[in-house]
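Note sheet for the following structure.
Protein chains: 2
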Amino acid sequence: MKKVTVGVDIGGTNTAIGIVDVDGNVLEKGNILTPDHGDAGKYISDLASSIKEMINSVNEDIEVVGIGIGAPNGNYYNGTIEHAPNLSFEGVVPFVDMLKKEFPGIDAIALTNDANAAAIGEMIYGGAKGMKNFAMFTLGTGVGSGLVVNGDLVYGSDGFAGECGHTTLVPNGRLCGCGGLGHLEAYCSAPGMKRTAFELLAKYNATDSMLADKSFNELDSKMIYDAAVAGDKVALEVFELTGMYLGQGLADTVHHLSPEAIFLFGGPTAAGDLIFKPVREHMEKHLLPVFKGKVKILPSELDAGNAAIVGSSALAWKELEG
Amino acid sequence: MKKVTVGVDIGGTNTAIGIVDVDGNVLEKGNILTPDHGDAGKYISDLASSIKEMINSVNEDIEVVGIGIGAPNGNYYNGTIEHAPNLSFEGVVPFVDMLKKEFPGIDAIALTNDANAAAIGEMIYGGAKGMKNFAMFTLGTGVGSGLVVNGDLVYGSDGFAGECGHTTLVPNGRLCGCGGLGHLEAYCSAPGMKRTAFELLAKYNATDSMLADKSFNELDSKMIYDAAVAGDKVALEVFELTGMYLGQGLADTVHHLSPEAIFLFGGPTAAGDLIFKPVREHMEKHLLPVFKGKVKILPSELDAGNAAIVGSSALAWKELEG
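Residue numbers (my numbering), protein chains in the order written: chain S, 174 to 495; chain G, 174 to 495.
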């Protein structure tokens with residue numbers, strides 16, 4: 174019998190579910206809607222039914238040994254989802270305890286946030302195999318992070334550590350989605366890149382830029398990438414500045430934790446050297462001599478399409494390691 | 174027989190040595206000069222002689238079970254002092270191995286930098302007893318830090334983690350002693366406070382400030398404290414701004430590690446609420462809702478006069494814990 178774990182990634186609108194083997198292969202996957210109203214009870218019962226169906230539909234002889242869940246405001250210590258702003262569940266939901274009632278035979282059921290799950294995915298299946306100290310930054314609508322120290326995810330005193338997207342890069346700088354000012358996420362997320370593009374269009378009065386015909390609500394980071402590849406100066410400077418901001422932030426992480434590597438995941442990383450080169454250059458500029466030239470900045474090796482469920486499933490494998 | 178450890182704190186000019194019991198009581202202490210030239214061989218042999226003399230002069234029946242050393246650029250993993258800018262030893266000195274030859278009966282000999290040693294001191298003897306996740310910031314000529322995650326000091330991939338004094342608070346800001354720009358140390362160290370005072374004197378043309386008759390080389394943080402207590406507006410604003418800067422930096426640490434508490438140690442902390450109040454206020458302002466009101470900012474409970482040797486001795490006790 175092939176041992177497998179289930180990965181569940183709970184997003185604001187969709188919940189992705191996958192059956193994953195120890196090498197990170199996805200044997201089966203699917204989606205259910207995350208409810209936009211109501212309590213967690215019915216949702217968890219629906220989720221359990223979908224998981225059981227999916228387990229039955231795998232065409233191999235499998236044994237499910239764990240379930241890992243990635244969820245916003247997921248608290249690893251208590252297995253709870255706490256006051257998640259994008260989910261309809263109110264207050265503190267004892268998610269793991271409720272799911273354990275549906276799967277009484279499975280001990281290894283654990284929950285954390287999506288960026289932490291991605292970091293564990295990188296450690297179990299990806300480029301961080303064998304690394305004891307590394308960080309993972311996920312760049313998308315927001316910026317998440319997962320930190321690994323001495324081979325373990327850092328959960329901190331309350332289960333919520335690893336929110337590097339909300340470190341301050343620029344005092345009194347851009348308004349962040351969280352209400353704070355000047356946070357890394359406000360500069361280095363995909364919307365942050367768009368904001369940088371609009372600042373540069375304004376600064377240079379760049380009527381001839383390929384980005385100059387797009388409204389604020391139209392422009393996205395893929396358009397900025399395409400324009401940069403075509404040589405558009407504003408778009409190229411967006412990548413340079415995004416690298417400058419992210420490099421400053423990653424240097425702060427290095428000064429905290431001295432990781433062996435920092436992995437970058439998410440849409441903007443598809444731009445390759447356009448983003449990695451300035452990130453590396455600017456990070457190095459900020460580092461103490463003792464750290465210079467040591468810390469690798471690497472693209473995540475997780476398959477972008479499956480990373481969320483694969484990362485979550487890795488959390489269950491990590492539990493089984495002890 | 175009372176078990177004791179030896180704490181050694183290597184500074185640029187002085188090396189402090191102490192015999193410390195498991196409760197942090199200093200049974201005996203003394204100093205030797207740190208050499209300003211020459212290699213480490215003779216110094217280590219002198220240091221060993223002094224330690225042996227000191228052990229013999231203790232008026233109790235003691236057993237020395239470990240030696241802990243705090244040293245600039247001390248690498249815990251290798252027991253080496255590496256390219257320390259303030260010490261005369263060139264290159265990489267295998268300090269622990271050399272000292273072990275002088276004390277063949279003692280297995281627990283370990284070395285790290287002084288701020289890491291202070292953090293372990295706080296954990297073994299001080300206010301962090303029983304805490305698994307906390308941070309320690311030492312404010313003095315520079316700003317050092319030691320980070321504890323899951324009950325262990327964070328050494329990172331290379332042994333040098335925990336340099337939060339060199340995170341960037343202000344992009345392209347003040348020149349730091351390390352050559353970087355805008356680092357926390359350039360704002361929150363004792364000299365950083367002096368720099369803030371001079372900026373404010375200039376900003377307000379504050380000829381009537383109690384600080385206005387001191388030259389840049391005369392003014393120190395104690396004078397700023399005395400002036401603040403006497404109600405001097407510039408001096409009061411120095412504390413407010415120092416708290417603002419430090420609060421921003423500590424929030425970054427919270428977003429990384431979500432510690433239960435952050436301990437502050439060093440001269441400027443003697444100002445009590447003058448510094449702690451703005452630090453707490455400004456840190457809170459930067460925190461994500463999930464962290465607000467949770468993280469304690471506390472004064473170190475280590476005795477300032479003995480903290481360096483006591484912290485170093487704690488490293489040896491920590492080794493013995495396994």
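Yeah, the Cβ is synthetic: ideal placement off N, Cα and C, and Gly gets one too.
- The closest CA to that of Tyr250(S), considering only Leu284(S), Asn204(S), Gly416(S), Gly439(S), is found on Leu284(S).
- Residues of the stretch 419-452 of chain G that bring their beta carbon within less than 9 Å of a beta carbon in chain S comprise Gln421, Gly422, Ala424, Asp425, Thr426, Val427, His428, His429, Leu430, Ser431, Pro432, Glu433, Ala434, in sequence order.
- Under the DSSP assignment, Ile224(G) falls in the alpha helix (DSSP H) whose first and last residues are 213-230.
- By the rule that beta-carbons nearer than 8 Å mark a contact, Pro344(S) touches chain G.
- In this structure Thr188(G) is in contact with Ile205(G), their Cβ atoms being roughly 5 Å apart against a cut-off of 8 Å.
- Every alpha helix (DSSP H) stretch that sits fully inside the stretch 356-416 of chain G and reaches 4 residues is listed by chain position as 358-361, 363-377, 394-402.
- Per the coordinates, the alpha-carbon of Thr426(S) lies some 8 Å from the alpha-carbon of Cys337(S).
- Interface annotation for the stretch 314-345 of chain S against chain G: Ser318, Leu320, Val322, Asn323, Asp325, Val327, Tyr328, Gly329, Ser330, Asp331, Gly332, Phe333, Ala334, Gly335, Glu336, Cys337, Gly338, His339, Thr340, Thr341, Leu342, Val343, Pro344, criterion Cβ-Cβ distance under 9 Å.
- Residue contact with chain G for Cys361(S): absent (no Cβ-Cβ distance below 8 Å to any residue of chain G).
- When secondary structure is reduced to three states using DSSP, Lys274(G) falls in the helix class.
- Shown here, Gly422(G) sits in a helix according to DSSP, grouped into three states.
- Counting only unbroken stretches of 4 or more residues, the alpha helix (DSSP H) elements lying wholly within the stretch 279-310 of chain G are 287-297, in sequence order.
- Comparing alpha carbon positions, the residue from Ala487(S), Leu493(S), Lys491(S), Glu391(S) closest to Val199(S) is Ala487(S).
- Contact with chain G is found for Val463(S), since one of that chain's Cβ atoms lies less than 8 Å from the residue's Cβ.
- In the structure shown, the three-state DSSP call for Phe464(G) is helix.
- The beta carbon of Asn246(S) falls within 8 Å of a beta carbon belonging to chain G, placing the residue at that interface.
- By the beta-carbon neighbour count (other beta carbons within 10 angstroms, threshold 16), Asp280(S) is exposed.
- A Cβ-Cβ separation of about 23 Å leaves Val237(S) out of contact with Thr253(S) under the 8 Å criterion.
- Of the candidates Gly335(S), Gly346(S), Ser230(S), Ala424(S), the residue whose Cα lies closest to the Cα of Gly203(S) is Ser230(S).
- Shown here, Val269(G) sits in a helix according to DSSP, grouped into three states.
- Here the stretch 321-328 of chain G makes no contact with the stretch 414-424 of chain S; the two share fewer than three CB pairs at distances below 8 Å.
- Apart from the 5 residues on each side of it in sequence, Val452(G) sits with its Cβ closer than 6 Å to the Cβ of Gly416, Leu419, Gly420, Ile470 in its chain, given in chain order.
- In the three-state scheme derived from DSSP, where H, G and I count as helix and E and B as strand, Pro472(G) is classed as strand.
- Taking the Cα positions, Asn259(S) is about 20 Å away from His356(S).
- Selection Lys395(G), Val407(G), Leu430(G), Lys450(G) evaluated against Pro441(G) yields Lys395(G) as nearest (Cα-Cα).
- In this structure, the alpha-carbon of Ala400(S) lies about 26 Å from that of Leu423(S).
- In the three-state reduction of the DSSP assignment, Ala489(S) falls in the helix class.
- Taking C-beta atoms as the reference points, Val327(S) and Gly315(S) fail to come closer than 8 Å.
- Interface with chain S (8 Å Cβ-Cβ cutoff): His459(G) is included.
- Close partners of Lys467(S) in chain G (Cβ separation under 8 Å): Ser330, Asp331.
- The beta carbons of Glu226(G) and Lys175(G) sit about 19 Å from each other, so the pair does not count as a contact at 8 Å.
- Each of Ile192(G), Ile183(G), Val343(G), Gly350(G) was checked against the Cα of Phe268(G), and the nearest Cα belongs to Ile183(G).
- Annotation: Cβ neighbours of Asn306(S) in chain G (cutoff 7 Å, chain order): Gly329, Ser330.
- Closest in C-alpha terms to Ile190(G), from the list His256(G), Gly313(G), Ile242(G), comes Ile242(G).
- Using a CB distance cut-off of 8 Å, Gly185(G) does not count as an interface residue toward chain S.
- In the DSSP assignment, the residues bridged to Leu206(S) are Asn187(S).
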